[in-house]
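Residue numbers for the sequence shown follow numbering that gives the first Met the number 0, beginning at 0 and rising by one.
A short worksheet on the structure shown next.
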Amino acid sequence: MHGSPQPPFPSLPTMSTTRDTVISTPELLALILARLPMRDVLVSAPLVSKAWHAVILLPIVQRALFFQPEPASDDATPIPNPLLAELFPPFFTESGENRWSWPGHSKAIMSMPWAKAPDAFKCEDASWRRMLLSQPPANKILVVKVRHGQIGDSQQRAVTHGKDLRMGELYDLCASFQVEREADITVDLISTAQCMVTFKQYIETQFFSDGAKPVELEFGESVLKRRR
């Protein structure tokens, strides 16, 4: 005895069909791109097609690339930009125990990827300049100027205020501390007054950014901490 004929099962989509559907749907593709390594999305993905390039400009991907800020939250722990930390390690390394072990010494600067491809980094519209330092973004930078003397150390402080601070602003700030010496610049300057010795770490002009903007700092009064 045969039962009544059963309706045929709907054909399941093939792997190829599913993949094509996802890739051709901007919202779904954006979710995928937002989870890929930043370097791949910045360098490789735009070359796939004009459609992919357009998807990269969607807010969810731009936030993942640290170009657009995540919504502010009081309990959110800032996450440093991983690509900037890779490209500019001295700027994302914690300070050493003393001034002689600071991360921004000349060897560290010269070992950055910038040294191998200066033209790409120096470019006025280089994408790194527009990248946020962290997510959620930082809104101020504290600058502490320390002078070491025989009777003690003095400090002056300045604070830069802005909205959604970006790497270009931080880099220009550091590069603004320069010493006139055959067009070289210094990022780190240490003076030892009691020994009458000045230790300067010079950085070649290849590390200047063509997109640099002037930085104005207003330092507060000097506070002296006397030695015991």
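Beta carbons: idealized from backbone N, C-alpha and C, even for Gly.
Look at the beta carbons and you see the region 141–148 touching the region 156–170: at least three pairs across the two are nearer than 8 Å. One thing to note: S208 has its Cβ within 8 Å of the Cβ of K121.
For Q154, the three-state secondary structure derived from DSSP is strand. Residue pairing by DSSP places V222 opposite Q154 in a beta bridge. When DSSP assignments are scanned along the region 111–160, the uninterrupted stretches of alpha helix (DSSP H) that are 4 or more residues long and fall wholly within it turn out to be 117–121. In the pairwise beta carbon analysis, the region 80–94 is classified as not touching the region 50–59: fewer than three pairs are separated by under 8 Å. When DSSP states are grouped into helix, strand and coil, R34 belongs to the coil group. In the DSSP assignment, P213 falls outside any alpha helix (DSSP H), carrying neither H nor E.
Linking H147 to P25 through their CA atoms gives a straight-line distance of about 57 Å. Taken through DSSP and simplified to helix, strand or coil, P77 comes out as coil.
Secondary structure note for A53: its alpha helix (DSSP H) is the uninterrupted segment K49 to I55. The count of Cβ pairs closer than 8 Å, one atom from the region 38–46 and one from the region 68–79, stays below three, leaving the stretches out of contact. For L41, there is no enclosing alpha helix (DSSP H), as DSSP marks it with neither H nor E. Residue environment analysis places S23 among the exposed positions, since fewer than 16 neighbouring C-beta atoms fall within 10 angstroms of its C-beta. For Q61, the enclosing alpha helix (DSSP H) has its first and last residue at P58 to A63. L172: member of the alpha helix (DSSP H) spanning M166 to A174, first to last residue. Apart from sequence neighbours up to five positions away, the residues of its chain that approach L32 with a beta-carbon distance below 7 Å are V40, A44, V54, I55 and V60, ordered along the chain.
Closest in C-alpha terms to A137, from the list L35, F65, R225 and L30, comes F65. Annotated as distal: A119 and G210, with beta-carbon spacing of 8 Å or more. Look at A84 here: in three-state DSSP terms it is helix.
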